[in-house]
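Using the numbering used here, the first residue of the sequence shown is number 214, and each one after it goes up by one.
First comes the structure, then the notes that go with it.
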Amino acid sequence: MLLTAADIKQRALAMGFDVCGIATAAPVDERARRQYRQWLERGRQGCMAWAERYQAVRDDPRALLDGAQSLVMVGMNYLPQRLQPADAPQFAYYAYGRDYHDVLKQRLWQLAAEIQEATGCVSRACVDSAPLRERYWAQQAGLGFIGRNNQLIVPGRGSYFVLGALLTTLALEADAPCTLSCGDCGACLEACPTGALDGDGAVDARRCLSCLTIELRGPLPEQAQSALGHRVYGCDSCQRCCPHNSLAQATQHPEFEASDELMSLTLDDIVAMDRTAFNRLFRHSAVKRAKLEGLKRNAHALRHPDEQ
Ligand code: SF4
Ligand code: SF4
Numbered sequence: 214m215l216l217t218a219a220d221i222k223q224r225a226l227a228m229g230f231d232v233c234g235i236a237t238a239a240p241v242d243e244r245a246r247r248q249y250r251q252w253l254e255r256g257r258q259g260c261m262a263w264a265e266r267y268q269a270v271r272d273d274p275r276a277l278l279d280g281a282q283s284l285v286m287v288g289m290n291y292l293p294q295r296l297q298p299a300d301a302p303q304f305a306y307y308a309y310g311r312d313y314h315d316v317l318k319q320r321l322w323q324l325a326a327e328i329q330e331a332t333g334c335v336s337r338a339c340v341d342s343a344p345l346r347e348r349y350w351a352q353q354a355g356l357g358f359i360g361r362n363n364q365l366i367v368p369g370r371g372s373y374f375v376l377g378a379l380l381t382t383l384a385l386e387a388d389a390p391c392t393l394s395c396g397d398c399g400a401c402l403e404a405c406p407t408g409a410l411d412g413d414g415a416v417d418a419r420r421c422l423s424c425l426t427i428e429l430r431g432p433l434p435e436q437a438q439s440a441l442g443h444r445v446y447g448c449d450s451c452q453r454c455c456p457h458n459s460l461a462q463a464t465q466h467p468e469f470e471a472s473d474e475l476m477s478l479t480l481d482d483i484v485a486m487d488r489t490a491f492n493r494l495f496r497h498s499a500v501k502r503a504k505l506e507g508l509k510r511n512a513h514a515l516r517h518p519d520e521q
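In structure tokens form, the structure reads like this:
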């Protein structure tokens, strides 16, 4: 049976993806490769040592799947309907509900199974789980453009989207890449509390509160502690200020909504949290990435900023 690009997109949207576009599996362009190498040479990956590995694969997704022809790029809007009170310990919006890796992968596996059944072609689902440049490929697939805040911005819908990719041996007609840009806006550079954005679309992970509160093991740098505000896991400042997000609609996916327990969580609750409570609350959440120790470190830094 023949499956066209239009068929795949129709199926992806029917499965609950909010956006879907297609790119041809090919080497990453020279400009994007050079930018990534410069980012590494400047040490901006900070504690994210994994970013240094598998360069050849990162440069050409075909290395991830023999015979790969196409990338089906998908996104789901995660902006929660119900937000935490402003004085609560703040979690990044994407981490309110169920772990997006699981939510997207389950759907991508279903799409892969349907493709295989219809055509015999094989596919590989990637959601942050492979050295694949998801934002780059989403732009190539026409879903949006990469803003100065390093997020994929979907025109007319904003940047609160989690992304996934299905690399497949099925040959599909590709979409035109998105050629929009931020223009002369620099709101996110102003809004970033630590100066982690330098205007070229890259983030300095050594300064970024999202990276530091989640990925860093050990004490938080002093500059980060003083910039935390109420943030205990992640940071959305460079998205909240983005004019494109004034158009963002709340998600229609209940999986991305916070539980009542998360909504009422206090700093004292986190400081006193034991492993059993952490596992119960965050077992199916992206928050487990920070581990109990990291979350408590962040909470302690919020409660006693002078003691760190
Ligand atoms: S997530 Fe926060 S700290 Fe990181 S670049 Fe954006 S505004 Fe700056
Ligand atoms: S705030 Fe402005 S500069 Fe930053 S990502 Fe949004 S549009 Fe681009």
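Here a beta-carbon is modelled for each residue, glycine too, at the ideal position from N, C-alpha and C.
- Message: In whole angstroms, give me the CA-to-CA distance for residue 321 and residue 340.
- Response: Between residue 321 and residue 340, the C-alpha separation is close to 9 Å.
- Compute the minimum distance between the beta carbon of residue 453 and the heavy atoms of ligand 2, and state whether it is under 7 Å. Remark: the shortest separation between the CB of residue 453 and any heavy atom of ligand 2 does not fall under 7 Å.
- Task: Look at the Cβ atom of residue 357, then the Cβ atom of residue 365, and state whether they are nearer than 8 Å.
- Result: If you check the CB distance, residue 357 and residue 365 come in under 8 Å.
- Which value, in whole angstroms, describes the spacing of the CA atoms of residue 521 and residue 506? At residue 521 the pLDDT is 45, less than 50, meaning the model places this residue with poor confidence; the figure from the coordinates comes in the next sentence. Using only the alpha carbons, I get a separation of about 14 Å.
- Go ahead and label residue 350 buried or exposed: buried means 16 or more other beta carbons lie within 10 angstroms of its beta carbon, across all protein chains shown. Counting of Cβ neighbours within 10 angstroms places residue 350 among the buried residues, the total reaching 16 or more.
- Task: Measure the Cβ-Cβ separation of residue 396 and residue 412 and say whether it is below 8 Å.
- Result: When the beta-carbon positions are compared, residue 396 and residue 412 stay at least 8 Å from each other.
- Message: Taking the straight line between their C-alpha atoms, what separation do you get for residue 297 and residue 514?
- Response: The alpha-carbon atoms of residue 297 and residue 514 are separated by roughly 20 Å.
- Message: Is any non-hydrogen atom of ligand 1 found closer than 7 Å to the C-beta of residue 216, if you look at the structure I gave you?
- Response: Flag unset: Cβ of residue 216 not near ligand 1.
- Item | C-alpha gap between residue 391 and residue 433, whole angstroms | Looking at the two C-alpha atoms, the distance is approximately 37 Å.
- Item | Cutoff 7 Å; reference residue 408; Cβ partners in own chain excluding five residues on either side | These residues qualify, in order along the chain: 420.
- Item | Contact set for residue 509: own chain, Cβ-Cβ below 6 Å, skip 5 residues either direction | No residues qualify anywhere along the chain.
- Taking C-alpha atoms, which residue in 291, 270 and 289 lies nearest to residue 281? Of 291, 270 and 289, the residue nearest in Cα terms is 270.
- Query: Which two residues bound the contiguous alpha helix (DSSP H) that contains residue 423?
  - Reply: For residue 423, the uninterrupted alpha helix (DSSP H) segment begins and ends at 422-428.
- Query: Start and end of the alpha helix (DSSP H) containing residue 295?
  - Reply: Per DSSP, residue 295 belongs to no alpha helix (DSSP H) and is neither H nor E.
- Query: Among residues of its own chain, excluding the 5 on either side of residue 265, which ones have a beta-carbon nearer than 7 Å to its beta-carbon?
  - Reply: Once the five neighbours on either side are set aside, the close Cβ partners of residue 265 are 253 and 258.
- Considering only residues of the same chain and omitting the five flanking positions on each side of residue 284, which have a CB-CB separation below 6 Å? Result list for residue 284: 236, 238, 350, 378 and 380, in chain order.
- Query: Does DSSP put residue 446 in a helix, a strand or coil?
  - Reply: Collapsing the DSSP output to three states places residue 446 in a strand.
- Query: Comparing alpha-carbon positions, which option in 240, 448, 444 and 277 lies nearest residue 335?
  - Reply: Nearest option by C-alpha distance: 277.
- Query: By Cβ distance below 8 Å, which residues in the same chain neighbour residue 198 in space, the five residues on each side in sequence not counted?
  - Reply: The chain is shown from 214 up to 521; residue 198 falls before or after that span and cannot be answered.
- Item | Residue from 295, 425 and 333 whose Cα sits closest to the Cα of residue 462 | Closest option to residue 462, Cα to Cα, is 295.
- Task: Could you please give the first and the last residue of the uninterrupted beta strand (DSSP E) stretch that includes residue 374?
- Result: 374-381 is the span of the beta strand (DSSP E), which, as asked, contains residue 374.
- Query: Can the beta-carbon of residue 374 be found closer than 8 Å to that of residue 289?
  - Reply: The Cβ-Cβ distance between residue 374 and residue 289 falls below 8 Å.
- Task: Assign residue 347 to buried or exposed, taking buried as 16 or more other Cβ atoms, counted over all protein chains shown, within 10 Å of its Cβ.
- Result: Per the 10 Å Cβ criterion, buried.
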